[in-house]
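Counting in my numbering, the sequence shown runs from 18 upward without gaps.
Virtual Cβ for every residue (Gly too), placed ideally from N, Cα, C.
None of these values were measured; they are calculated from a predicted model.
Quick notes on the structure that follows.
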Amino acid sequence: MIVGCGSHQIDYKQFKMVPISKRTSRDQPESVAADNVGIILSYHRIADPGLDPWGLRVSPENFENQLSVIRKFGAPVSLRDFVSSYQTGNVPKNAVVITFDDGYSDNFTEALPLLKEFDIPSTIFVSSGFIGKPYFWWDALETIFLRPYRLPRNLTLCLDSGQAEWNLGNAVHYTREQYEKDCISCKWRGEPGSRLRIYHEVYETLWLVPFRRRLEIVSEIVQWAGYDNCDFAVCIPLSTSQIRKFDSEDLITIGAHTVNHLPLDTVNGNERNDEIFDCREKLQGIISKLVDTFAYPHGKYDHESSKLLEKYDFLCACTTEESPVNKRCNPFLLPRFAAANVGGPEFLNWLSECFAGR
Ligand SMILES: [Zn+2]
């Protein structure tokens, strides 16, 4: 389904993860595959997956196993080191770069100890507008709708275009049995009238609303559901002090991911500049050093965005285009594979195929 955001259209389904078993670089022409110099992985959260409609969580156990595979069979390098030399091919064989998007607190509590244990560098791309906030707006919706708790029967949202109303009917109750079924099947959007479907409908509706109003509406939904901010403790954004502690680790680089996590191809020129440079300024204020790496929220960018980053002394920018990096890649459009929640053997198979250029 395509949902609109002003005059710009967002391809809603593209935010969905592709299962790792279906991802491959086989489609590359041989001449391109021969130029492959490494891969960049993007993670979001290191947490038990539960019902994870966007496939953004890798369990701590699987993350540990993936790091073990990378340490054993790959050559982990920092994004900065990789970018400074990949165009000349002067990077270690089987180079692997690890990145995290958004700036979740679990990157600090769960991922950092494991990164240190395996001595693997990583770049954390932070959306500065959410630092220290109780939740990212999309996680508040997931927590409210996709956990096996009772909700009120009627939900009414006041939008600029009128009211949007839901009668939850049987979905007032979300049994643990149904929740666990949904965790396993994670059927895209669920059956009509189900909790999963209502979640997606509310999520899509909110994409139609300007950002500031969207945050207000999410806050209204939090109240409607009877939640308070501490109910979102498992998915909170990084705090200022966590970012500082992160930065004090030699293995970690802090990168920018805009202020409000908006797709950059859906905002006007002034807003785009603010999203990029206000984020950089805020992060530089926290860590007192240059922030020069960037990741496009939702992987969405336009020509102006990448040119702007280049012009104003960023080193590189990462997309969500899933392919290995080759020598000819534009450093401001670096492809990345989204890491899936799979264990060591499956991860090793996938990584081997990437390295072999298949
Ligand atoms: Zn993001």
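DSSP state of residue i mapped onto helix, strand, coil
{"i": "residue 32", "result": "With a pLDDT of only 31 at residue 32, under 50, the local geometry of the prediction cannot be trusted, and the value read off the model is given with reservation. Of the three classes helix, strand and coil, the one that applies to residue 32 here is helix, per DSSP."}
{"i": "residue 119", "result": "strand"}
{"i": "residue 139", "result": "strand"}
{"i": "residue 74", "result": "strand"}
{"i": "residue 373", "result": "helix"}
{"i": "residue 38", "result": "Confidence in residue 38 is poor, its pLDDT being 37 and thus under 50, which makes the residue's placement unreliable; the coordinate value appears in the next sentence. Helix."}
{"i": "residue 361", "result": "helix"}
{"i": "residue 113", "result": "strand"}
{"i": "residue 226", "result": "coil"}
{"i": "residue 347", "result": "coil"}
{"i": "residue 18", "result": "Below a pLDDT of 50, predicted positions are generally treated as unreliable, and residue 18, at 27, falls in that range; the measurement from the model is reported next regardless. Reduced to three states, the DSSP call for residue 18 is coil."}
{"i": "residue 316", "result": "helix"}
{"i": "residue 242", "result": "coil"}
{"i": "residue 91", "result": "coil"}
{"i": "residue 105", "result": "helix"}
{"i": "residue 250", "result": "helix"}
{"i": "residue 27", "result": "With a pLDDT of 33 at residue 27, under the threshold of 50, the modelled position of this residue cannot be trusted, and the question is left open."}
{"i": "residue 377", "result": "No answer is possible for residue 377: the residues shown for the chain start at 18 and end at 375."}
{"i": "residue 86", "result": "helix"}
{"i": "residue 267", "result": "coil"}
{"i": "residue 235", "result": "helix"}
{"i": "residue 188", "result": "helix"}
{"i": "residue 64", "result": "coil"}
{"i": "residue 308", "result": "coil"}
{"i": "residue 44", "result": "Its pLDDT being 47, under 50, residue 44 is placed unreliably by the model, and nothing is read from it."}
{"i": "residue 128", "result": "helix"}
Distance CB(residue i)-CB(residue j) smaller than 8 Å
{"i": "residue 119", "j": "residue 153", "result": "yes"}
{"i": "residue 273", "j": "residue 300", "result": "yes"}
{"i": "residue 314", "j": "residue 270", "result": "no"}
{"i": "residue 75", "j": "residue 358", "result": "yes"}
{"i": "residue 165", "j": "residue 193", "result": "yes"}
{"i": "residue 344", "j": "residue 106", "result": "yes"}
{"i": "residue 252", "j": "residue 160", "result": "yes"}
{"i": "residue 281", "j": "residue 319", "result": "yes"}
{"i": "residue 293", "j": "residue 326", "result": "yes"}
{"i": "residue 64", "j": "residue 374", "result": "no"}
{"i": "residue 168", "j": "residue 242", "result": "yes"}
{"i": "residue 223", "j": "residue 214", "result": "no"}
{"i": "residue 54", "j": "residue 94", "result": "no"}
{"i": "residue 260", "j": "residue 86", "result": "no"}
{"i": "residue 216", "j": "residue 158", "result": "yes"}
Residue i - containing beta strand (DSSP E), residue span
{"i": "residue 180", "result": "179 to 184"}
{"i": "residue 53", "result": "53 to 60"}
{"i": "residue 335", "result": "333 to 335"}
{"i": "residue 176", "result": "171 to 176"}
{"i": "residue 99", "result": "It is not in any beta strand (DSSP E) - residue 99 instead sits in the alpha helix (DSSP H) that spans 96 to 102."}
{"i": "residue 275", "result": "Careful: residue 275 lies outside any beta strand (DSSP E) and carries neither H nor E."}
Cβ separation of residue i and residue j, assumed to be a contact under 8 Å, to the nearest whole Å
{"i": "residue 140", "j": "residue 310", "result": "6 Å"}
{"i": "residue 60", "j": "residue 115", "result": "7 Å"}
{"i": "residue 146", "j": "residue 277", "result": "5 Å"}
{"i": "residue 220", "j": "residue 68", "result": "Rounded, the Cβ-Cβ distance is 13 Å, inconsistent with contact."}
{"i": "residue 80", "j": "residue 128", "result": "7 Å"}
{"i": "residue 226", "j": "residue 234", "result": "6 Å"}
Endpoints, alpha helix (DSSP H) assigned at residue i
{"i": "residue 302", "result": "286 to 304"}
{"i": "residue 263", "result": "257 to 264"}
{"i": "residue 380", "result": "There is no way to answer for residue 380, as the model of the chain reaches only from 18 to 375."}
{"i": "residue 157", "result": "154 to 162"}
Please list, in chain order, all residues with a C-beta atom less than 6 Å from at least one heavy atom of ligand 1. 118, 119, 274, 278, 314
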